[in-house]
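Under my numbering, residue 642 is the last one in the sequence shown; the count climbs by one each step, no gaps. Positions of the beta carbon are idealized from the N, C-alpha and C atoms, including for glycine.
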Amino acid sequence: MDGSFSPISSSNWRTILCVVMAVITVVNIVIPQVEAQGRAFFVFGDSLVDNGNNDYLLTTARADSPPYGIDYPTHRPTGRFSNGLNIPDIISEQLGTEPTLPYLSPELTGERLLVGANFASAGVGILNDTGIQFLNIIRIFKQLEYFEQYQTRVSGLIGAEQTQTLVNQALVLITLGGNDFVNNYYLIPFSARSRQFSLPDYVRYLVSEYRKVLARLYELGARRVLVTSTGPMGCVPAELAQRSRTGECVVELQRAAALFNPQVADMINELNSEIGSNVFVAANAFQMNMDFISNPQAYGFVTSKVACCGQGPYNGLGLCTVISNLCPDRDLYAFWDAFHPSEKANRIIVQRILTGSAEYMNPMNLSTIMALDSRT
Ligand SMILES: *[C@@H]1O[C@H](CO)[C@@H](O)[C@H](O)[C@H]1NC(C)=O
Ligand SMILES: *[C@@H]1O[C@H](CO)[C@@H](O)[C@H](O)[C@H]1NC(C)=O
């Protein structure tokens, strides 16, 4: 901007004043329109849905260097754990809105706040002690605190009443739980949590803590919340590399998912009946992933065992970095790195979220939600 100003003659002031008035008028009209145009979208959870918050934090859990983002429109890393778009980005695409900005992004100001925000942080879990090895990450209760802070900021922009409406009408996505297993209970042999709890007791504890998180989201105004189950944790290239001899999915982690996911679904049903409304929707991410993991060729993948980016067996050891093996065509791989699906796989998942039957989306899919909510 420096040096771009030129002296303004006094006769031009009137023109400028008119333009300013016109802009003010337009802004007055535009703000309510922005609300009417698309519903806001809020995202909470871990690396599967983080749009870049961790890039602003002192943490090792970040996707801030190439080849992350290689297929993103800018072809640069954005903090997303994907070669391109992640699940919330593709949901935003379906809503017809811009991708959610990370809450910590300095760009998230003014009207852009009305699109929603992404509070997710790679490495977090349901429990406060999950992901401590990543140092500074935004634990779930902090994400909820930021959601409150967000609402205060938006109130300053459009008033408290309109903010309430915006939040009530928004779509919310929450993805949590995987890290409570892979980065806590099963992180090391004889982990503190595994000495404290048997697996079934740990799962019950996680579900009771998760219930508090969801109840708090409801208190904060969320009224349509997609809650994803964990994926098939035993089938990710990282676990195949560390624990599988034959390339079969690791039984212990699959058992953890098989215990945890149905209990989350039951808890969601309970919450909905207590509230008397279908606020929470269970998305069966386990089955959505399992479909292409068990039959990769049917979905256009050459493999679901080997990650596109990484090293060691199944490219499943260590991080995806600029010196890792990198596949030339990311669309042929179900897994981008040792833990995270490729954009292509994310698209298959979001397609199921949109139009899946009750086996995938309970009590309803996102198309049904959008149709219902557009009528009210
Ligand atoms: C986690 O931390 C939050 C505060 O940051 C606290 O309210 C909550 O009770 C803690 N959860 C557990 C299980 O200790
Ligand atoms: C969504 O779910 C409903 C109810 O389960 C189902 O009838 C419908 O076929 C699904 N797909 C779409 C596109 O609505």
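Judging by CA-CA distance, which residue of the options is the nearest neighbour of residue i?
{"i": "Tyr338", "options": "Ala604, Phe605, Asp597", "result": "Asp597"}
{"i": "Val502", "options": "Tyr626, Met630, Gln360, Asp603", "result": "Asp603"}
{"i": "Leu379", "options": "Ala388, Ser387, Ala386, Pro368", "result": "Pro368"}
{"i": "Ser469", "options": "Phe307, Tyr452, Tyr484", "result": "Strictly speaking, residue 469 in this sequence is Val, with Ser absent from that position. That would be Tyr452, whose Cα lies nearest to the Cα of Val469."}
{"i": "Thr396", "options": "Ile454, Gly304, Ala524", "result": "Ile454"}
{"i": "Phe310", "options": "Lys478, Leu483, Asn581, Gly304", "result": "Leu483"}
{"i": "Arg511", "options": "Lys571, Val438, Ile559, Asn555", "result": "Lys571"}
{"i": "Leu480", "options": "Tyr471, Ile534, Asn555", "result": "Ile534"}
{"i": "Leu465", "options": "Ala637, Asp557, Arg521", "result": "Arg521"}
{"i": "Thr569", "options": "Glu540, Lys610, Val530, Asp532", "result": "Lys610"}
{"i": "Leu506", "options": "Val433, Leu583, Leu437", "result": "Leu583"}
{"i": "Thr429", "options": "Ala436, Ser421, Gln435", "result": "Ser421"}
{"i": "Ala549", "options": "Cys575, Ile615, Asn317, Val390", "result": "Ile615"}
{"i": "Pro562", "options": "Pro579, Ser608, Ala523, Gly622", "result": "Ser608"}
{"i": "Gln417", "options": "Glu485, Ile559, Ser474", "result": "Glu485"}
{"i": "Arg342", "options": "Val588, Arg405, Asn450", "result": "Val588"}
{"i": "Asn450", "options": "Ala504, Ala488, Gly389", "result": "Gly389"}
{"i": "Ala600", "options": "Asn544, Gln360, Met556", "result": "Met556"}
{"i": "Gly443", "options": "Arg305, Ala531, Tyr626, Gly376", "result": "Ala531"}
{"i": "Thr441", "options": "Val381, Lys478, Gly391", "result": "Gly391"}
{"i": "Pro333", "options": "Leu585, Gly622, Arg618", "result": "Leu585"}
{"i": "Gly304", "options": "Arg419, Ile406, Val433", "result": "Val433"}
{"i": "Gln617", "options": "Ser358, Thr340, Ser331, Ala329", "result": "Ser358"}
{"i": "Pro372", "options": "Asp321, Gly542, Gln360", "result": "Asp321"}
{"i": "Gln508", "options": "Tyr412, Gln529, Gly578", "result": "Gly578"}
{"i": "Arg490", "options": "Asn628, Ser331, Gly622, Pro498", "result": "Asn628"}
{"i": "Lys408", "options": "Pro594, Asp312, Gly566", "result": "Asp312"}
{"i": "Leu492", "options": "Asn544, Ser539, Cys593", "result": "Asn544"}
{"i": "Asn349", "options": "Tyr471, Lys478, Asp330, Leu537", "result": "Asp330"}
Can you find a heavy atom of ligand 1 that lies under 7 Å from the Cβ of residue i?
{"i": "Glu475", "result": "yes"}
{"i": "Leu483", "result": "no"}
{"i": "Leu393", "result": "yes"}
{"i": "Phe310", "result": "no"}
{"i": "Phe385", "result": "no"}
{"i": "Phe307", "result": "no"}
{"i": "Phe407", "result": "yes"}
With hydrogens ignored, establish whether the beta-carbon of residue i is closer than 7 Å to any heavy atom of ligand 2.
{"i": "Thr375", "result": "no"}
{"i": "Thr621", "result": "yes"}
{"i": "Met630", "result": "yes"}
{"i": "Ser640", "result": "no"}
{"i": "Ser313", "result": "no"}
{"i": "Ala624", "result": "yes"}
{"i": "Ser633", "result": "yes"}
Suppose contacts are defined by Cβ-Cβ distances below 8 Å. Is residue i in contact with residue j by that definition?
{"i": "Ile353", "j": "Asn612", "result": "yes"}
{"i": "Asp446", "j": "Leu393", "result": "yes"}
{"i": "Leu374", "j": "Ala383", "result": "yes"}
{"i": "Arg346", "j": "Gly362", "result": "no"}
{"i": "Ala564", "j": "Thr494", "result": "no"}
{"i": "Leu370", "j": "Asn319", "result": "yes"}
{"i": "Asn631", "j": "Leu638", "result": "no"}
{"i": "Ala436", "j": "Phe307", "result": "yes"}
{"i": "Ala488", "j": "Val438", "result": "yes"}
{"i": "Cys626", "j": "Met554", "result": "The displayed chain sequence assigns Tyr, not Cys, to residue 626. In this structure, Met554 lies closer than 8 Å to Tyr626 by Cβ."}
{"i": "His560", "j": "Gly576", "result": "Residue identity check: residue 560 is Ser in the sequence provided, not His. No, the pair does not count as a contact, with Cβ atoms beyond the cut-off."}
{"i": "His606", "j": "Leu423", "result": "no"}
{"i": "Met499", "j": "Ala524", "result": "no"}
Just curious, the alpha helix (DSSP H) that residue i is in, first and last residue?
{"i": "Leu492", "result": "Counting along the chain, Leu492 falls outside any alpha helix (DSSP H), though it belongs to the beta strand (DSSP E) covering 491-494."}
{"i": "Phe400", "result": "Careful: Phe400 lies outside any alpha helix (DSSP H) and carries neither H nor E."}
{"i": "Phe526", "result": "517-541"}
{"i": "Gln563", "result": "No alpha helix (DSSP H) holds Gln563; DSSP gives it neither H nor E."}
{"i": "Gln430", "result": "426-434"}
{"i": "Val479", "result": "465-485"}
{"i": "Asn612", "result": "609-621"}
{"i": "Asp355", "result": "353-361"}
Considering residue i, what are the terminal residues of the beta strand (DSSP E) in which it resides?
{"i": "Ala548", "result": "546-549"}
{"i": "Leu439", "result": "437-441"}
{"i": "Asn384", "result": "382-384"}
{"i": "Gly311", "result": "307-311"}
### Query
So does the segment 456-476 actually touch the segment 503-517, counting three or more Cβ pairs closer than 8 Å?
no
### Query
Are the segment 324-340 and the segment 399-410 touching by the rule of at least three beta carbon pairs closer than 8 Å?
yes
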